[in-house]
Ligand SMILES: [Zn+2]
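In this note's numbering, the protein residues as written are 207 to 578.
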């Protein structure tokens, strides 16, 4: 049985078997054919982690509920720049980032396809999450990671038993290495290309709604490939279509100035992409993505629902991380982008504001302006 995915370019449905990460006919990206349907009556409160929302997933029925207790993360209220802000503590997930929500669904999908070994590429958090959930599901994982990625993240992946291979050059070089394996027939469990994780990020929206009892006015999150914020936006769209919230929150996507393709297109149109590079190091290594797979889908949903993209200058990133830590939130530099974003939107974002804290400070404990 295949999940309800279609090629966004030519409409080809996802095949009944195999694990193509792009459309075999045209090379397009597969995505959900519909918006999830959220039905409060269909929740399964006794299922572990995000599996209580299983009815919203596109997974086939034979996919097992692979879980390490991801999700159900706390929502902690604080004040920032004169505004009340709720921090969604995604960094307390089992491997220290929001990626666990996507990795749980990825591992379940791989099991449903009988996969026993798979490759992935990641700058860190997705790799660590994939390594952990592959271990949980009994799948051998090989992960290509840029050599500049945090050594702590690489050590975490290896600890779960993954084969970790460092690749010199930009983030895209690691992706190319994984694609070469895929060309030789190794299943490529791409968290970036396969849409399976988006359903996992949508559960963040369901939880926020359950935690505050209404829709937030604004949601702020970092944007790399764009899957996190797209998933969250679709989750709120699902709640809206189910009649549970009167309107969509405004979404605010944050990128690092060093590599900000979605922000560039939102501001200057597609020609602005020509100026974007991923050759400049940034402390926000988790969002150093030159060609965001979900960039177009995210721009589209942002345009339809008053979304905005922001950029944070390099010099502001580590002070932002320090400001969060001084309030008790120890996050990695990528996550700290939201702090400077909160400063930028403090006079325009509707209440209540929710900011997603994506990755743990333990992933990059050194306080240094050069990425390690
Ligand atoms: Zn296609």
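Cβ atoms here follow ideal geometry from the backbone N, Cα and C, with glycine treated the same way.
All figures in this text were calculated on a predicted structure; none of them were measured in a lab.
Please confirm whether residue 469 and residue 517 have their CB atoms less than 7 Å apart. Yes, these two residues count as a Cβ contact at 7 Å.
Go ahead and label residue 280 buried or exposed: buried means 16 or more other beta carbons lie within 10 angstroms of its beta carbon, across all protein chains shown. Residue 280 should be labelled exposed.
Between which residues of its own chain and residue 214 is the CB-CB distance below 6 Å, once the five residues before and five after are set aside? Taken in chain order, the residues that qualify are 234, 235, 237.
How far does the alpha helix (DSSP H) with residue 538 in it reach, from first residue to last? Residue 538 -> no alpha helix (DSSP H), and no H or E assigned at all.
Alpha helix (DSSP H) segment containing residue 241, residue limits: Here residue 241 belongs to no alpha helix (DSSP H), and DSSP marks it neither H nor E.
Cβ-based burial, residue 578 [other Cβ within 10 Å; buried from 16]: Residue placement at residue 578 cannot be trusted, given a pLDDT of 39 that sits under 50; the coordinates are not used to answer.
In whole angstroms, what is the alpha-carbon distance linking residue 254 and residue 413? Distance between the alpha carbons of residue 254 and residue 413 is about 14 Å.
From which residue to which residue does the alpha helix (DSSP H) around residue 363 run? Here the alpha helix (DSSP H) through residue 363 covers 357-365.
Contact shell at 6 Å, judged by CB to any heavy atom of ligand 3, ordered along the chain: Absence of ligand 3 is noted for the structure shown, with ligand 1 being the only ligands found.
Residue 439 to residue 408, Cα distance in whole Å? Between the alpha carbons of residue 439 and residue 408 lies a distance of about 7 Å.
Output needed for residue 229: all residues of its chain with C-beta closer than 8 Å, excluding positions within five of it in sequence on either side, in chain order. Cβ within range, chain order: 213, 215, 216, 218, 235, 236.
Name the residue from 507, 394, 454, 242 whose alpha carbon lies nearest to the alpha carbon of residue 324. Per the C-alpha coordinates, the member of 507, 394, 454, 242 positioned closest to residue 324 is 394.
Leaving out the 5 sequence neighbours to the left and right, which residues in its chain are closer than 6 Å to residue 305 when beta-carbon positions are compared? Closer than 6 Å at Cβ, skipping near neighbours: 331, 332, 335.
Nearest neighbour of residue 314, chosen from 341, 449, 284 [CA to CA]: Looking at the Cα atoms, 341 is the closest of the given residues.
What is the rounded straight-line gap between the Cα of residue 490 and the Cα of residue 391? Separation of residue 490 and residue 391 (C-alpha to C-alpha, rounded to the nearest whole angstrom) is 33 Å.
With DSSP collapsed to three states, give me the class of residue 576. Confidence in residue 576 is poor, its pLDDT being 44 and thus under 50, which makes the residue's placement unreliable; the coordinate value appears in the next sentence. In the three-state reduction of the DSSP assignment, residue 576 falls in the coil class.
For residue 263 versus residue 549, is the C-beta distance shorter than 7 Å? No.
Can you name, in chain order, every residue of its own chain whose Cβ lies under 6 Å from the Cβ of residue 319, other than the five neighbours on each side? Contacts found: 225.
Is residue 546 helix, strand or coil when you go by DSSP? Under the three-state reduction of DSSP output, residue 546 falls in the helix class.
Bridge partner(s) assigned by DSSP for residue 381: Looking at the DSSP output, residue 381 shares a beta bridge with no other residue.
Measuring straight from C-alpha to C-alpha, what distance separates residue 546 and residue 246? Approximately 35 Å, taken between the alpha carbons.
Should residue 512 go down as buried or exposed, given a rule of 16 or more other Cβ atoms within 10 Å for buried? Looking at its Cβ environment, which holds fewer than 16 other Cβ atoms inside 10 Å, residue 512 is exposed.
Nearest-angstrom Cβ-Cβ length linking residue 273 and residue 310, presumed shorter than 8 Å: Yes, residue 273 and residue 310 are in contact; Cβ-Cβ is about 6 Å, under 8 Å.
Provide the residue span of the beta strand (DSSP E) that contains residue 285, from first to last. It spans 281-286 - the beta strand (DSSP E) in which residue 285 sits, taken as one unbroken run.
Rounded to whole angstroms, what's the CA-CA distance from residue 250 to residue 241? Just pull it up for me. Residue 250 and residue 241 have their C-alpha atoms some 20 Å from each other.
I need the DSSP call for residue 481, collapsed to helix, strand or coil. Here residue 481 sits in helix by DSSP.
Can you find at least 3 beta carbon pairs, one from the segment 496-505 and one from the segment 443-454, that sit closer than 8 Å? When Cβ pairs closer than 8 Å are counted between the two stretches, the segment 496-505 is seen not to touch the segment 443-454, the count staying below three.
Buried or exposed, going by whether 16 or more other CB atoms sit within 10 Å of the CB of residue 211? Residue 211 should be labelled buried.
So does the segment 561-568 actually touch the segment 291-300, counting three or more Cβ pairs closer than 8 Å? With contact defined as three or more Cβ pairs closer than 8 Å, the segment 561-568 and the segment 291-300 are in contact.
Give me, in chain order, the residues of the same chain whose beta-carbon lies closer than 6 Å to that of residue 448; leave out the 5 immediate sequence neighbours on both sides. Only 244 meet the Cβ criterion.
Who are the near neighbours of residue 529 in its chain, counting only those whose CB is closer than 6 Å to its CB and skipping five residues on each side? Same-chain partners within the cutoff: 545.
Suppose the cutoff is 8 Å on Cβ atoms and the five residues either side in sequence are ignored; what does the same chain contact list for residue 571 look like? Annotation for residue 571: 358 place their beta carbon closer than 8 Å to its own, counting only its chain and skipping 5 residues before and after.
Taking a contact to mean a Cβ-Cβ separation below 7 Å, would you say residue 353 touches residue 337 in this structure? Contact flag unset, no.
Can you tell me whether residue 221 is buried or exposed, with buried defined as 16 or more other CB within 10 angstroms of its CB? Within a 10 Å sphere around the beta-carbon of residue 221 sit fewer than 16 other beta-carbons, which makes this residue exposed.
Limits of the unbroken alpha helix (DSSP H) element including residue 473: Residue 473 -> alpha helix (DSSP H) spans 467-474.
Leaving out the 5 sequence neighbours to the left and right, which residues in its chain are closer than 6 Å to residue 421 when beta-carbon positions are compared? Excluding residues within five positions, the ones whose Cβ falls inside 6 Å are 451, 455.
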